[in-house]
Structures are given as structure tokens and as C-alpha cells.
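First the structure, in the form of C-alpha cells, and then the observations on it.
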Amino acid sequence: MLRTSMELGGNAPFLVFDDADVEAAVAGAMQAKFRNVGQACTAANRFLVHESVAADVTARLVAQVEALRVGPGDREGTTIGPLVDARAVERITALVDDAVAAGARVLTSRDLPDDLPPGGSYLAPAVVVDVPAHAAILREEIFGPVVTIQTFADEDEAVALANGTEFGLVSYAYTRDLARAQRLVERLETGMTGINVGVVSNAAAPFGGVKASGLGREGGSEGLEEYQSVKYALTPA
């Protein structure tokens, strides 16, 4: 029998509380969502924002997303490149279209620049709000440059929304309250949690998830232990 260690994707929540540094939270959000065009298992998918700061966070995020420049990586001024293939574009477009058909709104332009070279798998980055809870875009790993924003009234609701997925790889939270941060580390059902940061990956730290996101760890001493077995030996006293 072979022991396995598996990383099977995620659906990361990104929580912004009412006491958060909004500017830092938006900067972290851009890192967590748009690095590698959102094609990362640790990319934030579901942005959960306290209702008292939701308008501010949304406006700032929309401005940042609209400032992104889609294009080939070797073109000067490009800040967001193509997706892996045309199927990825079709799949993500279908998720957004499905959400819109169910009542969601896209706050950013879905149009691409006219001067893109032919054959590239480009997709305009998008911010989507008013997404119904049953929408597929909230359940599936987006793996692309699309942000969904939901609001919450209190910590309990935020945690319930964050944990409302079969995945549990990573979560992010922005708050100035250290006691709350500790509670979130304990309550969020993920293998990793970033507090006031937009990137958690670190070769010296254990990387991995819970629930349908897999089992085992890579990185750090915990990663080495995946290749080892404990052996107990006893001799007479």
C-alpha cells in the first residue's frame, strides 16, 4: 500500500472586516487574486466584505481591476496575460454568464483591447457582485481573473460563508483585531490562513489543505515527514 499526498485545488475566501486597513486589504486582494492571471490554487475566489466597508472596498477594487492592461507578456505595459488555453476562457466565461443570468452584476468592462494578437487565450478581468448563493461561480474554483464579492454583517456570518465550500486549501483575512485573527485561524476550515497578507506560500512552511483540497503537506519539516515513516524500537531495560 502506497501512502499519498495530494493537493486538489481550492476555493479561497478573502475576508475583509470593518476594522481592516482598506488600502492594504485591496492591495492584498490584487496579489491574492491576479498573480499568474488568477491561475493558482491559492488564488482568492470569494471576497467576503463587511457591509459597512463593502462600498469602499468594491470601488477601490474596481478601479484597480480596470487599470489592469490585458496583453501578451512581452508587450510593454501589459499587467495581465493570457489564460492557459481557450477552454479556460470558455469555462470561466460560462461561470460569469451563469451568475449574470441568475441576477449578478459585472462592474467592469468585459471587452478586450482591439490590438491583441490572434490566437491568445485572453479574458478581461472582472468584478462580479450580487451573486446568488447557489451560483456555480461561488462553488467552483474559478482559476482565472474574476472576483466575486459578497457582504456579511458579523464574524459568524463571515465564517459560515467562508466555510461554505467543499474545498479547504487557504483562506485570507484582513483585520486589526488580533483576538479575532486568532479566532479565524481556529474557525476557518483551511489548511493555511493568511492574516493581513495576500500571499501565503513559503518553501519553509507546510503547504496543503483539508476537506476536498487534499491531504498531506509539502514544504517545511512537515513536507519531509511525508516521505518518512515512524519506527518504534524496544530493547530490554
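Here the sequence shown is numbered in the working numbering, starting from 30 and rising by one per residue. The beta-carbon is built from N, C-alpha and C at its ideal position, and this holds for glycine as well.
Nearest to V86 by alpha-carbon distance, out of P161, P42 and E52, is E52. DSSP places N192 outside any beta strand (DSSP E); the residue lies instead in the alpha helix (DSSP H), whose first and last residues are E184 to N192. Between S242 and P265, the alpha-carbon positions lie close to 45 Å from each other.
Per DSSP, the continuous alpha helix (DSSP H) segment holding I166 begins and ends at A165 to R168. In this structure, L244 sits near M35, with a CB-CB distance shorter than 8 Å.
A direct Cα-to-Cα measurement between V82 and A162 gives close to 21 Å. The stretch 131-148 and the stretch 44-58 do not touch, with fewer than three beta-carbon pairs separated by less than 8 Å.
The continuous alpha helix (DSSP H) containing V55 extends over residues V51 to F63. Two segments are said to touch when three or more pairs of C-beta atoms, one from each, lie closer than 8 Å; by this definition the stretch 117-134 does not touch the stretch 178-198. By the Cβ neighbour-count rule, K260 is exposed, with fewer than 16 other Cβ atoms within 10 Å of its own. Every unbroken stretch of the beta strand (DSSP E) spanning 3 or more residues and falling wholly within the stretch 53-125 is given here in chain order: 73-79. Looking at the backbone, the Cα of G197 and that of K240 are separated by about 5 Å.
Taken through DSSP and simplified to helix, strand or coil, A133 comes out as coil.
Of the candidates S150, G38, Y256 and V78, V78 places its Cα closest to the Cα of A191. The Cβ atoms of N225 and Y256 do not sit closer than 8 Å to each other. Short of 6 Å from the beta carbon of T107, and not among the five residues preceding or following it, lie these beta carbons of its own chain, in chain order: R98 and G100.
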